[in-house]
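Asker:
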Amino acid sequence: MRKRLFLASLTLPLVVHATTMSELFDALKQQPQTKQDELLIKQSNAGLKSVHAKLYPQIGAFASYDYFSRPTGMLPVPPDSMFPMIKDHNIPQPFSKNISRIGATIGMPLFVKSIFTYADKSKKIRASARVKKRINLLQNEAIIVGANANLRYLDAMRRALLSKKSSLLQTKSFIQIKVNSGRAAKSALFKINDGLSQVNIALNNIAIGRTKAIETIETLTQIHLLKPVSMQKNKKLQTLRIGALEPLQKKIEADHLDVQAQKEKLYPSLLLKGSYNKSFANAYNNDKSIDQEYGNIGLVFKVPVFDKSQYVEIEKSKLALEKESLEFSKQENTLRAEAKGLKDSLKLLDQSTLLYKHSIEDKKRLLKIAKVSFKAQRMSTEDYLKYEDDLANQRAKLYQSEAQKWQTLMQLAVIYTNNIEEIVK
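So for the sequence shown, our numbering puts the first residue at 12; every next one is plus one.
#1: Contact between the stretch 246 to 258 and the stretch 134 to 146 is defined here as three or more beta-carbon pairs at a separation below 8 Å; is this criterion met?
#2: Label residue 54 either buried or exposed according to how many other C-beta atoms from any shown protein chain fall within 10 Å of its C-beta, with 16 as the threshold for buried.
#3: Once the 5 residues before and after residue 158 are set aside, which same chain residues still bring their CB inside 6 Å of it?
#4: Kindly indicate which residue of 84, 59, 66, 46 has the alpha-carbon position closest to the one of residue 305.
#5: Quick one: what's residue 141 bridged to in DSSP?
#6: Quick check on residue 81: does DSSP put it in helix, strand or coil?
#7: Straight-line CA distance for residue 164 to residue 183?
#8: Check the DSSP bridge columns for residue 225 and list the partner residues they point to.
#9: Is DSSP giving residue 97 helix, strand or coil here?
#10: Could you tell me the distance, in whole angstroms, from the CA atom of residue 492 to the CA atom of residue 426?
#11: Give the DSSP-derived three-state secondary structure of residue 69 in the structure shown.
#12: Taking C-beta to C-beta, are residue 392 and residue 199 nearer than 9 Å?
#13: If you drop the 5 nearest sequence neighbours on each side, which residues of the same chain put their C-beta closer than 8 Å to that of residue 335?
#14: Where does residue 277 sit, in a helix, a strand or coil, going by DSSP?
#15: What span of residues does the alpha helix (DSSP H) with residue 58 cover, start to end?
#16: For residue 103, does the three-state DSSP call read helix, strand or coil?
#17: Go to residue 253, then tell me how far its alpha helix (DSSP H) extends in each direction, as first and last residue.
#18: Evaluate the contact criterion for the stretch 100 to 112 versus the stretch 296 to 303: three or more CB pairs, one atom per stretch, below 8 Å.
#19: From the DSSP secondary-structure annotation, give me the bridge partner or partners of residue 112.
#20: Taking buried to mean at least 16 other C-beta atoms within 10 Å of its own C-beta, is residue 210 buried or exposed?
#21: Under 8 Å: do the stretch 59 to 74 and the stretch 109 to 127 share three or more Cβ pairs, one atom per stretch?
#22: Suppose the cutoff is 8 Å on Cβ atoms and the five residues either side in sequence are ignored; what does the same chain contact list for residue 433 look like?
#23: Considering only the alpha carbon of each residue, which of 361, 240, 100, 173 lies closest to residue 217?
#24: Starting from the Cα of residue 435, find the closest Cα among 422, 243, 344 and give me that residue.
#25: Is it buried or exposed, residue 333, if we count other Cβ atoms within 10 angstroms and call 16 or more buried?
#26: Provide the residue(s) that pair with residue 308 in DSSP beta bridges, ordered along the chain.
#27: If you follow the alpha helix (DSSP H) that residue 323 is in, where does it begin and where does it stop?
#28: At what residues does the alpha helix (DSSP H) containing residue 427 begin and finish?
#29: Could you check how far apart the C-beta atoms of residue 250 and residue 423 are, in whole angstroms? I think they sit under 8 Å.
#30: Quick check: residue 382 and residue 177, are their CB atoms within less than 9 Å of each other?
#31: Answer with buried or exposed for residue 405, where buried requires no fewer than 16 other C-beta atoms within 10 angstroms of its C-beta.
#32: Have a look at residue 416 and residue 362 and give me their C-alpha separation to the nearest angstrom.
#33: Quick check on residue 10: buried or exposed, where buried means 16 or more other Cβ atoms within 10 Å of its Cβ?
#34: Given a cut-off of 9 Å on the beta-carbon distance, is the pair residue 292 and residue 110 in contact?
#35: For residue 122, list the residues DSSP reports as bridge partners.
#36: Drop a sphere of 10 angstroms on the beta-carbon of residue 47, count the other beta-carbons inside from all chains shown, and report buried for 16 or more, exposed for fewer.
Structure (structure tokens):
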């Protein structure tokens with residue numbers, strides 16, 4: 012029995028409740044989409060390390076065995092050492108058909124300009140990854156705030172519709188009495204019932220919208236909300252610079268360095284190289300066992316004279332830079348226009364909110380008067396229902412305007428890379 016309960020618990024979704032926006036933001040940072048951005052930063056760090064690794068010496072060891080068709084020198088022998096070996100047959104000469112060797116090699120760039128430029132490029136890519144991670148986090152935080160604002164709007168709409176439903180039910184009770192006494196036609200009751208049906212349809216649509224908003228938040232945080240989290244604006248939005256362009260700006264700077272590095276591959280370079288080996292064989296002249304040591308170390312000054320493929324690489328890097336520059340200009344124009352439109356919309360939404368609040372108070376009074384007139388049979392059912400609808404619709408506009416204000420504010424926060432956790436509390 013316990014085993015079945017344990018297995019059943021594994022199939023159920025984990026439901027965690029949050030009471031503050033900070034809890035939602037903290038949960039977001041532990042999710043895979045945020046971890047993926049951290050992985051990109053680690054990859055860029057690895058890229059920088061791989062460039063720096065080229066500045067370190069490369070040391071290798073080797074062992075070999077060679078068979079030659081004729082006696083071959085184990086190492087160069089100067090003439091003054093060779094002549095005594097030829098005269099005295101007892102001295103083993105360093106020539107043999109079977110030669111074994113062990114040894115080591117070393118190589119190191121002392122000056123290769125492009126390596127340093129590639130290191131600077133890798134730093135720019137790392138900086139771009141870090142900024143991109145921050146912007147992705149801001150975008151997801153903005154989605155959470157927007158979904159929570161939408162959830163608040165839907166819950167407020169639900170309360171407004173329930174209030175309207177309660178009002179209609181009271182009116183229906185009054186009409187039912189009049190219909191039963193023969194003082195009102197049944198058609199009035201049908202109209203009220205139709206109004207109640209419309210309210211129930213709207214409530215069902217709100218339930219669907221709530222499910223989508225809750226799902227959006229749960230996808231990003233793995234927290235299942237039963238009701239919206241309270242939130243308020245805590246800090247003024249800063250609109251000094253469009254920070255959303257920074258990752259692309261860093262990428263362009265990296266591409267500039269890539270062009271420079273490709274050109275620098277045509278520069279002279281200075282390399283250190285060296286080797287050491289010890290050879291073992293039986294001398295071909297008297298079959299005596301011998302071993303000889305041989306090593307060298309030196310500097311190589313390398314000057315590229317002509318490399319057509321490198322000129323092609325330079326051209327390709329220039330085209331990549333031009334493409335990114337055009338994309339930056341396009342994004343800059345788009346974001347500036349979008350930011351201006353959002354700021355204008357924010358001002359208008361503030362005005363609309365005030366106007367809707369005043370209008371709602373007026374419509375409440377008008378509905379109260381309409382109810383009195385309807386009960387006194389000085390107003391038709393259609394006209395009375397219009398006042399109910401007007402109040403509900405105006406409340407809907409108010410709540411929608413407040414949700415749009417939050418969503419607009421979050422869009423601007425992402426564009427200007429403001430700290431959303433400081434803005435929303």
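Where is the CB? At the ideal position from N, CA and C, for every residue including glycine.
Answerer: Put simply:
#1: yes
#2: exposed
#3: Taken in chain order, the residues that qualify are 224, 227, 228.
#4: 84
#5: Beta-bridge pairing links residue 141 to no other residue.
#6: The answer is strand: DSSP assigns residue 81 an E or B state.
#7: The alpha-carbon atoms of residue 164 and residue 183 are separated by roughly 28 Å.
#8: Residue 225 is not bridged to any residue.
#9: helix
#10: Any question about residue 492 goes unanswered here, given that the chain covers just 12 to 436.
#11: strand
#12: yes
#13: 259, 262, 263, 266
#14: coil
#15: In this chain, the alpha helix (DSSP H) harbouring residue 58 covers 43 to 64.
#16: coil
#17: Element bounds for residue 253: n/a, residue is neither H nor E.
#18: With a cut-off of 8 Å, the stretch 296 to 303 and the stretch 100 to 112 count as touching, because enough Cβ pairs lie within range.
#19: 75, 290
#20: buried
#21: yes
#22: 245, 246
#23: 173
#24: Closest option to residue 435, Cα to Cα, is 243.
#25: exposed
#26: 285
#27: Start and end: 319 to 386.
#28: Unbroken run through residue 427: none, as it is neither H nor E.
#29: That belief holds up - the Cβ atoms of residue 250 and residue 423 are roughly 7 Å apart, short of 8 Å.
#30: no
#31: Around the beta carbon of residue 405, 16 or more other beta carbons lie within 10 angstroms, which makes this residue buried.
#32: 11 Å
#33: Residue 10 is absent from the model: the chain starts at 12 and stops at 436.
#34: Going by beta carbons, residue 292 and residue 110 fall inside the 9 Å limit.
#35: 281
#36: exposed
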